[in-house]
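Numbering (the numbering used here), first residue to last: -7 to 737. Here is the structure we will look at, set down as structure tokens.
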């Protein structure tokens, strides 16, 4: 297996922060928006790129001292020394303050270090992870009194319903242009007012408040409200994940300045401090100048667990262009050589191939540099495969509204083992399935059977200089149409072939990712890093790197020759359900049960895009071949289209009635195929969807354009299976569409 020198792999070992494969990122905060980044000790986990602390104000210095005292109190002397050096604090400072954290030294009470309660100040310090608060899933849950400290300040419980009802009446009477925007505050206010009542042991008032106003909330919050209704006592709050989500992240609302001033003036006139305090403490209002947004514009972007994304979150530069293809000469086909010999001139096909080669040599202005991330060098076998790909590309069918692809459906019959994942190799020669009985099965789609490499004793007898040495090393006695791979101890939820077809990845409920050899059909490595089920994994288009995401709410970037992850991407507020590499391998997209999609930069670990708009957990992602666009599918049955460069939604495709489990663009990006649990495959005119976009439509003030309801115009065809949910789609190199699923009688 080829190792990559330098870059991500080597630089990871030089950093102060090291990742433990058995641990997860944790970061606790009372106020996620007021987080002060602190450099991690070597024992802590954080993605590279976490910012270092610079000691500025007196409060920041006292906070840092509290952290140092806490670490020393727990005998983490090495961590204390590293953090002290990075912060530029003088030696012996902690000795003056008191090594036991009592704070009896001079100035101990300054800056809020009263009584030396370092743990109290520690609760105000957070770890900044890609600008978003890290979840508390995989570490010890903090004390509920610390996490819910804001809920201790409350007024008369009987007036909560009066306050909420009064605000509701006000919003219902304002002008229509402001009503839609101001109505966004209903849901987060309802949640936090209810939690305040529960936390302060006002059970009857909380129950009455919930029954009276829960029906007014948007339908897409139904599942969240069901979970919320189960939190009827203060004891229920301890360790509850949903509660931590609400408390450790501010709900983001995007409101025009005029609408915001209207709301603020009303609350001040009514002296409604209760609601105003909740808005200040738990909501982040992203104010923009300009006309208020319409109800349809707001509905298109809302629905996630933490509201919309801040506009600043999608302003980073993204190098979405494709990398320059390696210069490989395309040899003539046998047919072409014969034609040249007979007629003295090549066939008409030859110029087409030349143009294809020259096109790949052009540098995309939006592409990252070739050396931005280290990629493995092309082996001779890779170059041969590239040549085969280029040859097949010349015979590719140009799809469009008038020319739709043929669809070949692979039905898994009698799949009582419970088919959970499917993948095809890029050349469509192999298909693999992951099953609930913890097995992985590989089939040959071509007449060529699967064979293992001969034993070591037999290999020594082979003439290594022979031309057909690769054929001789295979054992014909082991030839069969399929192979079963054993090793996982739980259902397999994600599988992915390597681009060179030598390896297969599988992720499982047992918390591991396994790398299998397709020459020996044995497990080479078990990657352990996730502490909970791993829902998805995928190889990079260039091989070597792969991404995984799971129930622990984080995604991890790996290299095949490193047993520890190179990056940990933390920020999602719920399970990471699907992962996908960008075609240039510099970015990864993750979809989550928190109903958001995030785009991560693999070089520095930063989150460079946050997309909101889905009303249910996301299960499918697909990048367009040119890298400019992203398609996503979820349990809400909708396909959303995103412009990566501008960072906004540009299309919505409606038609499916159930969860969308697979999305795939055709090889040239003309069509988008979607497969769903409603037993259908739908084809969409993606070229028309993107060509109709005008850059003038992108409004910087609201970060949104008016979406056209043109799903029926873009829908080119619907193909229904008898009774087989579609869980995977794949376009061959010649644009034949392959679909797969398990027959469900």
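A virtual CB, placed ideally from N, CA and C, is assigned to each residue, including glycine.
Check, Outcome
"Cβ pair residue 380, residue 419 closer than 9 Å", "yes"
"First and last residue of the uninterrupted alpha helix (DSSP H) at residue 181", "178 to 191"
"Straight-line gap, residue 620 to residue 608 (C-alpha atoms, nearest Å)", "24 Å"
"Local Cβ density within 10 Å of residue 203, reported as buried at 16 or more and exposed below that", "exposed"
"Residues of its chain near residue 314, where Cβ-Cβ distance is below 8 Å and the 5 sequence neighbours each way are ignored", "356, 359, 575, 576, 618 and 619"
"Exposure of residue 149, with buried meaning 16 or more beta-carbon neighbours within 10 Å", "buried"
"Length at least 4, wholly inside the segment 595 to 652: the alpha helix (DSSP H) runs in chain order", "none"
"Status (buried if at least 16 other CB within 10 Å, exposed otherwise) for residue 305", "buried"
"C-beta atoms of residue 495 and residue 552 nearer than 9 Å", "yes"
"Rounded separation between residue 278 and residue 238 - CA only", "18 Å"
"Residue span of the alpha helix (DSSP H) that contains residue 204, given as start and end", "195 to 205"
"Residue 448 versus residue 517: straight-line alpha-carbon distance, rounded", "20 Å"
"Reduced DSSP secondary structure (H/G/I, E/B, other) of residue 466", "strand"
"Cβ contact check for the segment 596 to 605 and the segment 534 to 546: 3 or more pairs under 8 Å", "no"
"Residue span of the alpha helix (DSSP H) that contains residue 162, given as start and end", "152 to 165"
"Contact the segment 288 to 307 vs the segment 576 to 594: 3+ CB pairs below 8 Å", "yes"
"Beta-carbon contacts of residue 404 that lie in its chain and below 6 Å, excluding the five residues immediately before and after", "411 and 734"
"Separation of residue 233 from residue 519, as counted between CA atoms", "26 Å"
"Candidates 167, 657, 407 and 76: closest to residue 673 by CA position", "657"
"Close Cβ partners of residue 253 (< 6 Å) along its chain, the five nearest in sequence each way excluded", "none"
"Beta-carbon contacts of residue 186 that lie in its chain and below 7 Å, excluding the five residues immediately before and after", "198, 201, 202 and 220"
"Extent of the continuous beta strand (DSSP E) to which residue 666 belongs", "663 to 668"
"Residue(s) in a DSSP beta bridge with residue 520", "504"
"Any beta strand (DSSP E) of 3 or more consecutive residues that is wholly inside the segment 217 to 255", "243 to 248"
"Three-state secondary structure assigned by DSSP to residue 375", "helix"
"Residue from 506, 74, 157 and 528 with nearest C-alpha to residue 581", "528"
"For residue 64, three-class secondary structure by DSSP", "helix"
"Inter-residue Cα distance where the pair is residue 646 and residue 262", "44 Å"
"Residue 666 beta carbon less than 9 Å from that of residue 648", "yes"
"Coil, strand or helix - residue 566 by DSSP", "coil"
"Per DSSP, the bridge partner or partners of residue 434", "424 and 475"
"CB of residue 174 within 9 Å of CB of residue 255, strictly", "yes"
"CB contact flag (residue 631, residue 669, <9 Å)", "no"
"Spatial neighbours of residue 707 in its chain, beta-carbon cut-off 7 Å, leaving aside the 5 residues before and after", "647, 674 and 676"
"For residue 170, three-class secondary structure by DSSP", "helix"
"Continuous alpha helix (DSSP H) stretch holding residue 72: start and end", "69 to 79"
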